[in-house]
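So that you can map any letter, position 177 of the sequence shown is 177 in UniProt numbering, and since no number is skipped, the others follow by simple counting.
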Amino acid sequence: MNLSVIIPVYNEQENLPMLYEALLKALEPLAVAWDVILVDDGSRDGSLKVLEQLAAKDQRLRVVSLRRNFGQTAAIAAGIDHSDGEVIVLMDADLQNDPADIPMLLQKIEEGYDVVSGWRAKRKDAYITRTLPSNLANGLISWVTGVHLHDYGCTLKAYRREVITGFRLYGEMHRFIPVYASSYGARIIELPVNHNPRKFGKTKYGLERTVKVILDLFTVKFLSSFGNKPIYLFGGTGLGLIALSAAVLLYLFVRRVGFGVSVLASPLFQVATMVAIMGFQSMLMGLIAELQVRTYHESQGKPTYTVRKRINTDPSKND
Ligand code: UDP
Ligand code: MG
1 MNLSVIIPVY NEQENLPMLY EALLKALEPL AVAWDVILVD DGSRDGSLKV
51 LEQLAAKDQR LRVVSLRRNF GQTAAIAAGI DHSDGEVIVL MDADLQNDPA
101 DIPMLLQKIE EGYDVVSGWR AKRKDAYITR TLPSNLANGL ISWVTGVHLH
151 DYGCTLKAYR REVITGFRLY GEMHRFIPVY ASSYGARIIE LPVNHNPRKF
201 GKTKYGLERT VKVILDLFTV KFLSSFGNKP IYLFGGTGLG LIALSAAVLL
251 YLFVRRVGFG VSVLASPLFQ VATMVAIMGF QSMLMGLIAE LQVRTYHESQ
301 GKPTYTVRKR INTDPSKND
């Protein structure tokens, strides 16, 4: 088994030397070959310089520097694309995740799990703006996706490579990797992990992140349930509405024939006509969504990030 640890880095210059020390302490004793892929996500501070210095000393550190700030999820995707570990561990650069937890995650992979998900049981973030909204979002994600975890947002997770490659990550989607992996048939386990307050620098996120997560949840749910056939959802709804309006029209027709009540004068006639139009519109929307989904699949080859510089990376991984 060989291991790639992937770490997105955005303005973390003070944290990086300590991160490196902590990684060495956790990884050196392991009996596996490992490397660490640090993805500089367009940092504006001295992060890239620090990474260059560390990587000059230690070949096991690979650095991918993106052309601009593409966001944490895109940085993670860049890391995955440049890695070759059979096992992939994702974690944050700010030491809020503890590298000392990595051996415990690997233990579970060795036991046969495909995804080992960290759970910040004692999360050390601002309660009102971060922890509370994230707990509510976690409950919602668990309910909607049917993949039951306490903490989707914890970056510290270990994956068997085959369950994590093959789909594109964007938005806040890195937290939904276990959901995709589950649809692939992955065995998933959640383990409580350490969580520290941030030492240096500040968080890049606030309450707005939870809103983005919930909107991404719609896409995830949509793609996993109706991803290949949106016409089933919209077309089904449309046919239902048309059937409803047909039933109302039939009722009006029977009343006209049986009791001589005028059809056109009834407000029900207008409602039924509107509902039928809505039904047709819904079916058209299904058709458009169908085309959209095909375009989505076609566009998979499009990069979600661009690279300015690579250090110690495997040249065969360059695009
Ligand atoms: N990060 C990144 N690009 C961004 C924002 C964040 O690569 O645009 C990295 C950041 O350097 C850190 C991780 O993603 O390693 C998590 O970010 P942060 O600590 O700000 O999030 P929080 O822990 O507050 O959820
Ligand atoms: Mg953090």
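Yeah, the Cβ is synthetic: ideal placement off N, Cα and C, and Gly gets one too.
These figures come from a predicted structure and were not determined experimentally.
Would the beta-carbon of residue i be found less than 6 Å away from any heavy atom of the ligand MG?
{"i": "Gln96", "result": "yes"}
{"i": "Asp41", "result": "no"}
{"i": "Asp92", "result": "yes"}
From which residue to which residue does the alpha helix (DSSP H) around residue i run?
{"i": "Ala158", "result": "Counting along the chain, Ala158 falls outside any alpha helix (DSSP H), though it belongs to the beta strand (DSSP E) covering 157-160."}
{"i": "Arg255", "result": "230-259"}
{"i": "Asp81", "result": "72-81"}
{"i": "Tyr180", "result": "177-184"}
Does DSSP put residue i in a helix, a strand or coil?
{"i": "Asp35", "result": "strand"}
{"i": "Ser266", "result": "coil"}
{"i": "Arg198", "result": "coil"}
{"i": "Ile189", "result": "strand"}
{"i": "Ile214", "result": "helix"}
{"i": "Pro29", "result": "coil"}
{"i": "Arg60", "result": "coil"}
{"i": "Pro303", "result": "coil"}
{"i": "Leu66", "result": "strand"}
{"i": "Lys309", "result": "strand"}
{"i": "Ile7", "result": "strand"}
{"i": "Asp40", "result": "strand"}
{"i": "Ile88", "result": "strand"}
Quick test of your reading: residue i and residue j, contact by CB under 8 Å. State the CB separation rounded to the nearest angstrom.
{"i": "Glu162", "j": "Asp216", "result": "No, Glu162 and Asp216 are not in contact; Cβ-Cβ is about 23 Å, not under 8 Å."}
{"i": "Ser134", "j": "Gly153", "result": "5 Å"}
{"i": "residue 335", "j": "Val64", "result": "Absent from the model: residue 335. The displayed extent of the chain is 1 to 319, so no value can be given."}
{"i": "Leu191", "j": "Met104", "result": "6 Å"}
{"i": "Asp101", "j": "Val36", "result": "Contact flag wrong, Cβ pair sits at about 15 Å."}
{"i": "Asn11", "j": "Asp45", "result": "5 Å"}
{"i": "Gln72", "j": "Asn196", "result": "The pair is not a contact, with the Cβ atoms about 18 Å apart (cut-off 8 Å)."}
{"i": "Ile188", "j": "Ile76", "result": "Wrong, their Cβ atoms sit about 18 Å apart, outside the cutoff."}
{"i": "Asp151", "j": "Trp119", "result": "4 Å"}
{"i": "Val116", "j": "Lys108", "result": "4 Å"}
{"i": "Val89", "j": "Leu16", "result": "No, Val89 and Leu16 are not in contact; Cβ-Cβ is about 17 Å, not under 8 Å."}
{"i": "Ser266", "j": "Leu250", "result": "Actually they are not in contact, since the Cβ atoms of Ser266 and Leu250 sit about 13 Å apart, beyond 8 Å."}
For the beta strand (DSSP E) holding residue i, just list the boundary residues, first then last.
{"i": "Lys204", "result": "Taken as a continuous stretch (DSSP letters only), Lys204 belongs to no beta strand (DSSP E), as it is neither H nor E."}
{"i": "Val116", "result": "115-119"}
{"i": "Leu140", "result": "First-last for Leu140: 132-145, but that is the alpha helix (DSSP H), not the beta strand (DSSP E)."}
{"i": "Pro99", "result": "It is not in any beta strand (DSSP E) - Pro99 carries neither H nor E in the DSSP assignment."}
Residue i: beta carbon under 6 Å from a heavy atom of the ligand UDP?
{"i": "Tyr10", "result": "yes"}
{"i": "Ala126", "result": "no"}
{"i": "Gly171", "result": "no"}
{"i": "Gly71", "result": "yes"}
{"i": "Ala75", "result": "yes"}
{"i": "residue 339", "result": "With the chain running from 1 to 319 in the structure shown, residue 339 is simply not present."}
Taking only beta-carbon positions, decide if residue i is within less than 7 Å of chain B.
{"i": "Ala77", "result": "Reference to chain B is not applicable here, since this structure consists of a single protein chain."}
Q. Do the stretch 230-238 and the stretch 203-219 make contact, defined as three or more Cβ pairs closer than 8 Å?
A. no
Q. Pairing CB atoms from the stretch 274-292 with CB atoms from the stretch 238-251, are three or more of them under 8 Å?
A. yes
Q | Cβ contact (3+ pairs, closer than 8 Å) linking the stretch 121-133 and the stretch 54-64 | A | no
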